[in-house]
Every structure is written in structure tokens, then in C-alpha cells.
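Notes for the one structure printed next.
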Amino acid sequence: MKYYLGYYDNLDYRPIELEGIDTSILSVIEFTTKFDNLNSLKKYLLAEHKIPNINVTLNYLIEKGPKGNKYYETLKTNRIYTIESSFLFTLDGIKKFILENKYQEDMIILLFAEYLKKMGYSKTIKESLKNKSQNATLIIPILKEIRKVTSTTIQEQINYIIDNYSKLTRDELANRIDYLISAFNYSNSDLVNTYLKLRPTLNFKNIPVINYIRNWFSIAHDHNEAGSAYYYEIPSEYRDINFEVNSFISAIVYDYDSIKKDYKKVNGKRKIQERPLFDLAVILEPYYKMKYDRYLNTIYREEEDSFDEDAEFLDESDFARYGTTSEEEGIKIRKRNR
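Note that my numbering has the sequence shown beginning at 34, numbered continuously upward.
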């Protein structure tokens, strides 16, 4: 597959040919993450006559179609990544970030839900509910199980189906099931909890990525509920969170040879699958941005509330580390009197 930075013009997506940049997705990302922000990237492209004007919308593009009839589609992200996100698009960077946040259940649930969708598990839930929907003795017990572990929104939909089951036509019931399943797209925790609840009874595929993140989530949840003292009493060979995290990442980013039962290697090193690494970074980037915004807001509040002459002040270097400026973030820097 060939990837490009491109833009939309005259009802078509147009790739940008960049000198010295090959058509791998990580090479394109490496180029855009050299820039401080989207505006500076556009200014560069305009100066190099690569875009018609500064107002174009940039996208990451993938080339498709047979030779002589090529066309381009956008990747499933509306973001152009700049220097603040650069470390997420390297294997070392993404490993470091995930391991630093390995007990953060909101991050784990985000990843868990995304890969349940990617690996077809959410489709399995949907098909199972639809197949059983015409048999009250099959569908109602399953719906009651789901109701135990989901949010109020899901519970209300389930209650309506159960209370009105005998009155609903076949089409109305099918529509209600579709509506119920679509609600999982807006709640990662509902999807994860439903999968965990139905796992003993539904015939889910046995995929290592899901196995590893399920174990990871279980360890993190037990650790957070019981405290670290309880966690460390459990034998490490059974509850090694770093093993589960690293195995989860490896199962995604390395190319596995199912015949040899080992990861493929190039020059003695495991072969990285660039697109899965990119997709993993795209999933995590909003979570990283949220944590960074919280960090800035916390420091800014501390600065505003502090009258201690020796207090730590937010300075321009805090913003520069993430490829932005205080002006872009809308934060005024108060200089310390010396």
C-alpha cells in the first residue's frame, strides 16, 4: 500500500509528492511531525508550491485501484499529526506511553473497545442477538445479563424490549436490536462489559490481541480495586501486567508467521507492521492529548493560586516540549520577578 499526505480539490483527493519521503505511512507521519503545528506545515507546503492555497484541508491518503485507474481515500482520522504527537508514532514511544499508563482503566477500556470492534467481536454480539431475537427463551435471559453490566441508556432500551417483547412485530424487534447494538458505538465501557459478561456463553474467536488485553484489564482492575499491597502478594508468573501489555503491543505491531509460530524477522529484528502501529497511535492520540491538556490546566491553576515567590511557574519550555506555544493554547505566561 502507498500512503501520501494530500488534500481535497475539485471533487477529488490529490496526493502531494514530497522529495525524499517514501510512500510508507510512518515516513509520511515522520514528515508531518517535524512541524510545530498545522499552520507551519501548510506554510511550508505553500512556499514549495505543493498546495494551491493555505485554506486547503490536508488529509492522510491511501492509494487504491488497479494500475491506470488509481484513486485515493482518506484514512480514518481527521487529524494531521505534528510534533506534539511525534513520539506516539514510534514503537519505543508508544510502548513507553502505554507502560507509563498501564493501570489507567479508561485508557485500557478505550483500547479494549476499539480492538473488540476491529477483531469482529462486536459483530459477533450483534449477530448472536439477532439470531436469538425471535425466541423469547433465548434472547430475554441474554438481555437480562447485559442489563446487569451496562449504563442506564442501554438498560432503558433493554427494559423496553423485555416489557414489550410480545407486542413487537418481527421488524420492530429487529430495529430495536439494531438500535441497542448501535448504542455500543458510543460507550466503550458498555461494549467491554457486555463482551466480558457474554464471553462464557457466546462463541467468540480466540484472538491473542483480545486475550492479552483482557488479562491486562483484569490485573489493572484488581490492582486499582484492592491496592498495590494486595497485587504484589499475587505470584508474578500469574499476574505479570508488563508481560500482558508487551504481548498486546507485540501482537498488534509485529508481523506473525502462523506457520512457523513465530514473528517474522528482518536483519535479525522483528518485522514491524507499519499500518497497525499507526492505527494504535491514532486510537491513543486523543487520550494523550486529554492528559496533556489536564497537565497544562493543573499547572496553570497552581500558578494562578500561588503567591509563593519560590513557586514553580509555567514557562514557554513547557509548551515547546509538545510542539505548541502559550499563545496557541490561549494561556498567558506570568513572569517571575527576580
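C-beta atoms are modelled at their ideal positions from N, C-alpha and C, and glycine is treated no differently.
> Going by C-alpha distance, which of V182, K159, R232 is nearest S222?
Replying inline: V182
> Taking C-alpha atoms, which residue in F120, V89, K83 lies nearest to V315?
Replying inline: F120
> Y212: which of K230, Q190, R203 sits nearest, CA to CA?
Replying inline: Q190
>> Quick test of your reading: F68 and T115, contact by CB under 8 Å. State the CB separation rounded to the nearest angstrom.
In response: 5 Å
>> As a quick exercise: from D139, A207, R203, L162, pick the residue whose alpha carbon is nearest that of M323.
In response: D139
>> Which residue wins for smallest C-alpha separation from K100, given the options E50, M34, S73?
In response: M34
> Does the Cβ of G98 have 16 or more other Cβ atoms within 10 Å, making it buried, or fewer, making it exposed?
Replying inline: exposed
> Can you tell me whether V299 is buried or exposed, with buried defined as 16 or more other CB within 10 angstroms of its CB?
Replying inline: exposed
> Does DSSP put I305 in a helix, in a strand, or in coil?
Replying inline: strand
>> In this structure, how does DSSP classify G39 when only helix, strand and coil are distinguished?
In response: strand
> When burial is assigned at 16 or more other CB atoms within 10 Å of the CB, is G53 buried or exposed?
Replying inline: exposed
>> Between K163 and I210, how many whole angstroms is the CB-CB distance? I'm expecting something under 8 Å.
In response: 6 Å
> Does DSSP put Y289 in a helix, a strand or coil?
Replying inline: strand
> Around the Cβ of Y245, are there at least 16 other Cβ atoms within 10 angstroms (buried) or fewer (exposed)?
Replying inline: buried
> Closest to L235 by CA distance: which of I179, Y41, N248, E50 is it?
Replying inline: I179
> Which runs of the alpha helix (DSSP H) spanning at least 4 residues fall entirely within the stretch 155 to 226, listed in chain order?
Replying inline: 169 to 182, 185 to 196, 203 to 216
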